Each structure stands twice: as C-alpha cells, then as structure tokens.
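Student:
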Amino acid sequence: MFGWLALIVGLYFLAGWVGSSIPANREFTESADGVEIIVGTNGVHTTIAMPLRNADMDWTRIFPPSDTANPWRNYTHVAIGWGERAVFLNTPTWGDLSPLTVLRVVSMGGDALYHVEHWVRPAPSPDFRTIRISRAQYRKLVRALLRDLPERTPTRAVYPGYTDQDVFYDARGTYTTYKTCNEWTGQTLRMAGIRTGAWTPFAGSVMKWVPPFDPAYVPDGAPDRVPGK
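Encoded structure:
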C-alpha cells in the first residue's frame, strides 16, 4: 500500500514538472512602457500584486483598505492569492496545518477564498519578482482576477487576515489536487497572455517562468520593504 502511495505521489510530481515545463503564451515579451506587476512566493504559495490604482483599474473599489485593521497607511499595491478556505483561515503558520486537513483537501478538495494583502512600495527580491506587461494584457489580468470573485453585496463577508494589512474574501471555485493555489496563479497569468507553464500545481512551477530578480533593477516608485506574509 505504501509503495502504491509513493508511486502516485511520484507520478503527481512528475506530471507537475512536465506540465509546468510546457510553455503557454510563448510569444510573450515584456512591455517597455506597460504596467509593472509582481509575482511572489513564500515557497509553497504564490500571489499576484499590482498597483492599487492606475488608469485601468482602481482596486480600492473592489478591495477597500477600510476592510483591513489598518486602513490608514498609504498603500500602493494590492496582492491577490487564491486558496483553500480551511487552510487559509486555520493555519496562520505552517506548523498549524493539520494532517487531517491535508488529507481532506487532497481527497475531497475544499471551498476557496481570496487572500488580499495591501502593500506599501514593495521592494523586489528573489521571491517577489517583477514583470512589465502591456496595458491590454493588464486589462486581461484584471478580468481574470475578477472571474472568481462572487458578486459584491452590501453584506459581503470579510474574514480577518494574518496581519492588520490583509483580509480574506469568499471566492468561486474548488481547491483540488489539479486546481491548486499555484495552478490558479498560472491560469490567471495564462488568461492575461503572460508566458508561464501549461499546468502549474506548485510554487516552483510558477516562479520558474518569472524573470529572475535583478538587484540593480529600480522598480516603479521608491521601494520600501520586501512584502511580508
């Protein structure tokens, strides 16, 4: 039994490596004068960050800083990630992750949430890398990010985050071993026309397609700090 289990796990990782090695949107090139986004990772989970406001989108209309416990900071960026509800809400640290939760998610899947963080002048780093995309691609990215957000109502639920600068919202979709949080990131990038893997179930599956961090690069605006959790 353990041998078969090891084989299944090994095949899953192999399939993830193969799927993420097949390029989607291979003709993509960075735009010289477009919108700078950030693809970030904590080693397990990935997120997409964008300017809080620009000519194409004002994210404060969708994710107002007033939903956070610290709405008074001069936020410049919003970071959006998608994941499994129980994992997001009940595991502020990886040490809090229950084996039973992992087993349930792997075997049955789970409802989804959006994790939304507000950042102030995030500084690029090896784990938070920039991509400059065209405005047309950015508008596609916005539409892709909004696709899993339920229609907003006056009583939309807001769940406290890990810090005073992040919160959770209900999201459409079901987390599965196929559609993981990182495959959601990859799918979102693919829908915007950005080059990434055809299937990206792991954080590394996403990040291997993002241009490496250049310490000499100066991002838009004055960098403040590397984003937190």
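Count along the sequence shown from 1, then add 73; that gives the number in the working numbering. C-beta: ideal position from N, C-alpha, C; glycine also. These figures come from a predicted structure and were not determined experimentally.
#1: Answer with buried or exposed for Ile95, where buried requires no fewer than 16 other C-beta atoms within 10 angstroms of its C-beta.
#2: Assuming Ala152 and Ala122 are in contact, meaning their beta carbons sit under 8 Å apart, how far apart are those beta carbons, in whole angstroms?
#3: Ignoring anything shorter than 3 residues, give me the beta strand (DSSP E) runs that lie fully in the stretch 151-203, in order along the chain.
#4: Within the continuous alpha helix (DSSP H) that includes Val215, where are the two ends?
#5: Since Glu109 sits in a beta bridge, which residues does DSSP pair it with?
#6: Does DSSP put Ala230 in a helix, in a strand, or in coil?
#7: Here's the rule I'm using: 16 or more other beta-carbon atoms within 10 Å means buried, otherwise exposed. How should Ser171 be labelled?
#8: Determine the DSSP secondary structure at Met123, reduced to helix, strand or coil.
#9: Could you give the DSSP three-state label for Lys302: helix, strand or coil?
#10: So, helix, strand or coil for Thr258, using DSSP?
#11: Determine, using beta carbons only, whether Ala97 and Trp155 come nearer to each other than 7 Å.
#12: Does the stretch 111-129 come close enough to the stretch 276-293 that 3 or more CB-CB pairs lie under 8 Å?
#13: Would you kindly work out how many angstroms separate the C-alpha atoms of Gly301 and Val179, rounded to a whole number?
#14: Which term fits Asn255, buried or exposed, when burial requires 16 or more other beta carbons within 10 angstroms of its beta carbon?
#15: Which residue wins for smallest C-alpha separation from Val108, given the options Pro199, Thr258, Lys213, Trp145?
#16: For a quick check, are the C-beta atoms of Tyr232 and Glu157 less than 7 Å apart?
#17: In chain order, what residues of the same chain lie with their CB nearer than 8 Å to the CB of Asp129, ignoring the 5 residues before and after it?
Tutor: In terms of the structure at hand:
#1: Counting from 1 along the sequence shown, the entry for residue 95 is found at position 22. When all chains shown are included, Ile95 counts as exposed.
#2: Translated into positions along the sequence shown, residue 152 becomes position 79. Translated into positions along the sequence shown, residue 122 becomes position 49. The Cβ separation is near 4 Å, so the contact holds.
#3: 183-192
#4: Working through the sequence shown from its first residue, we reach residue 215 at position 142. Per DSSP, Val215 belongs to the alpha helix (DSSP H) from 208-219.
#5: Counted from its first residue, the sequence shown places residue 109 at position 36. Paired residues: Arg205.
#6: Your numbering for residue 230 matches position 157 in the sequence shown. Ala230 falls in the coil class under three-state DSSP.
#7: Position 98 of the sequence shown holds residue 171. Label assigned to Ser171: exposed.
#8: Along the sequence shown, one-based indexing puts residue 123 at 50. Reduced to three states, the DSSP call for Met123 is strand.
#9: Counting from 1 along the sequence shown, the entry for residue 302 is found at position 229. Its pLDDT being 38, under 50, Lys302 is placed unreliably by the model, and nothing is read from it.
#10: One-based indexing of the sequence shown puts residue 258 at position 185. Looking at Thr258 - three-state DSSP - the assignment turns out to be helix.
#11: Taking the first residue of the sequence shown as 1, we reach residue 97 at position 24. Taking the first residue of the sequence shown as 1, we reach residue 155 at position 82. Against a cut-off of 7 Å, the Cβ pair of Trp155 and Ala97 comes out as no contact.
#12: With a cut-off of 8 Å, the stretch 111-129 and the stretch 276-293 count as touching, because enough Cβ pairs lie within range.
#13: Numbered from 1 along the sequence shown, position 228 holds the residue referred to as residue 301. Numbered from 1 along the sequence shown, position 106 holds the residue referred to as residue 179. Residue confidence for Gly301 is low, a pLDDT of 46 falling below 50, so the modelled location carries little weight; the figure read from the coordinates is stated next. Approximately 28 Å between the Cα atoms of the pair.
#14: Taking the sequence shown and counting its residues from 1, one reaches residue 255 at position 182. Under this definition Asn255 is a buried residue.
#15: The count along the sequence shown starts at 1 and reaches residue 108 at position 35. For the residues Pro199, Thr258, Lys213, Trp145, the minimum Cα distance to Val108 belongs to Lys213.
#16: Along the sequence shown, read from residue 1 onward, the residue named residue 232 stands at position 159. Along the sequence shown, read from residue 1 onward, the residue named residue 157 stands at position 84. For Tyr232 and Glu157, no; Cβs fall outside 7 Å.
#17: Within the sequence shown, residue 129 is the residue found at index 56, counting from 1. If we look at Asp129 and ignore the five residues flanking it on each side, its Cβ neighbours are Val108, Arg208, Tyr211, Arg212, Val215.
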